[in-house]
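In what follows, a single structure is set out as structure tokens and then discussed.
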Amino acid sequence: MTDIETALEEIRDRGLYRRMRMIAGPQGPRVLLDGRPVLLLCSNNYLGLADHPRVREAAADAAMRYGAGAGASRLVSGNMRIHRRLEERLAEFKGSESALLFGSGYLANTGVVQALAKSGEVVFSDALNHASIVDGCRLAGAETFVYDHADMDHLAWGLRQAEGRGSLIVTDGVFSMDGDIAPLTEIVELARRYDTRVMVDDAHATGTVGPAGRGSVAAAGLEDEVDVLVGTLGKALGSYGAFVCCDRPMAKYLVNTARTLIFSTALGPPQVAAAMAALELLREEPRRVERLQRNSRVLREALAENELPTAAGETPIVPVVLGEAATAVAASERALERGVFAQAIRPPTVPEGSSRMRLTVMASHTKTELREAARIVAKAVPETARRAAARRLAEASAPAKGGVFDGLADAA
Ligand SMILES: *Cc1c(COP(=O)(O)O)cnc(C)c1O
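Read in order, the letters of the sequence shown correspond to residues 3 to 414 in the numbering used here.
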């Protein structure tokens, strides 16, 4: 066996082997998965815009007018009028002075954290932040302090330890695997007290929470207090790519320092035009967001009625935490046999011992579909695992333990 085959074998032994499944057709509520019809409960196409006719037409039209690709990075010849136009609309939508497009949310997070957390400084990162933020911290010259999930005492302790070297607090707005919302008001207060910047990743919040889907920062009324707001075009906005909202000097700084923007090709015109059309639809039809929020409630209630308790919440991300990777995978496979596709999520995406089925709701689901899904998912989870899930939830006030990946010692 080669070392690669041995490594694969080890991944399999730990129950962490992943493979790509094949979807046919657009990301609607029902799709063909590896050739079989299933109800889709793990897409981030929250508002049903990826397959909306106007979004598709906008992409097709842009491809015919401007071509399929931008041909170069923004700083060479890849900067086009449609990039600027979308940036203006996004800034307006989020209530910021400026917006700057990036190739993806992953590229935005790694690029911005690296640009803002320099050698000799400390960046503070929530233990459950998205992998792209973790990688940004790893790339940055700064030390990283990982505070326990949403634990403001731990964050405050870390800020005190840093003795003025703190440069950035970074958090998901809506946590991608748990669906809870960051304590932004408290984070902003601490940032002010300790003179650090705040960066919020609203990848899952854009189009799903806040007034007219404007995100977690708008929901908390903190548009003027957050230094950098990241959003993706790849989830509720139904396209691909990402953006950063900030003030003008920050945008100019990022154009000059964010390596993932400087050294990567600009977004293709079809992606830009699709996102612009999606944003327009979001503004014209805020009821889409209300329907998504209603659907999130419907699924949570239906799961509870089927004796599968989930943490209280209002976002379209509904985790059913089952513990061991094998338990989550088996439950996901059983649900799939009965026609519901809800992906099992395992380490390293979530902490060890918190593997789960992560259900995501779309505005395009019907109530009937969501109730059917809840019945099937509940049946797929064995009684013992269901009781363990209920116990875990009761203990949920004890947060996941964070650590540090370099630099400062842990508080605990
Ligand atoms: C999906 C996601 C990203 C990555 O965005 P892409 O545009 O898919 O690269 C970043 N942060 C969070 C919190 C996410 O959920």
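Even glycine gets a Cβ: it sits at the ideal position worked out from N, Cα and C. Remember, predicted model here, so these are calculated numbers, not experimental data.
Residue 234 and residue 317 do not touch by the CB rule: their CB atoms are close to 15 Å apart, not below 8 Å.
By the Cβ test, the stretch 134 to 146 is not in contact with the stretch 300 to 316, since fewer than three Cβ pairs between them sit closer than 8 Å. Residue 31 and residue 340 have their C-alpha atoms some 15 Å from each other. Less than 8 Å divides the Cβ of residue 342 from the Cβ of residue 375.
Short of 8 Å from the beta carbon of residue 372, and not among the five residues preceding or following it, lie these beta carbons of its own chain, in chain order: 297, 300, 301, 304 and 363. It is roughly 43 Å from the alpha-carbon of residue 230 to the alpha-carbon of residue 381.
Here residue 271 carries a helix assignment [DSSP, helix/strand/coil].
Residue 327 holds the alpha-carbon nearest to the alpha-carbon of residue 387 among 361, 102, 351 and 327.
Of the residues 206, 171 and 204, the one whose Cα lies closest to the Cα of residue 190 is 171.
Look at residue 160 here: in three-state DSSP terms it is helix. Each of 106, 107, 108, 111, 132, 134, 174, 178, 203, 205, 206, 234, 236 and 244 has a C-beta closer than 6 Å to some heavy atom of ligand 1; these make up the full list, in chain order.
In chain order, 126, 128, 129, 156, 157, 160 and 404 place their CB closer than 7 Å to the CB of residue 149, counting only its own chain and leaving out the 5 sequence neighbours on each side. Straight through space, the alpha carbons of residue 103 and residue 10 are spaced by roughly 36 Å.
Uninterrupted beta strand (DSSP E) stretches at least 3 residues long and entirely within the stretch 198 to 237 occur at 199 to 203 and 230 to 234, given in chain order. Beta-bridge partners of residue 174 (DSSP): 203. Going by C-alpha positions, residue 215 is about 10 Å away from residue 281. The beta-bridge partner set that DSSP reports for residue 359 consists of 322 and 346. Only buried fits residue 46, as 16 or more other CB atoms lie within 10 angstroms of its CB. DSSP, read as helix, strand or coil, puts residue 44 in coil.
In this structure, 116 is the residue among 153, 116 and 15 with its C-alpha nearest to the C-alpha of residue 136.
The closest CA to that of residue 208, considering only 64, 383 and 93, is found on 93. Pairing residue 269 with residue 243 gives a Cβ-Cβ distance under 8 Å. The Cβ-Cβ distance between residue 357 and residue 315 does not fall below 8 Å. Under the three-state reduction of DSSP output, residue 246 falls in the strand class.
Around the C-beta of residue 78, fewer than 16 other C-beta atoms lie within 10 Å, and the residue is accordingly described as exposed. In this structure, DSSP gives residue 150 a state outside helix and strand, which the three-state scheme calls coil.
In this structure residue 361 is not in contact with residue 331, their Cβ atoms being roughly 15 Å apart against a cut-off of 8 Å. Taken through DSSP and simplified to helix, strand or coil, residue 102 comes out as strand.
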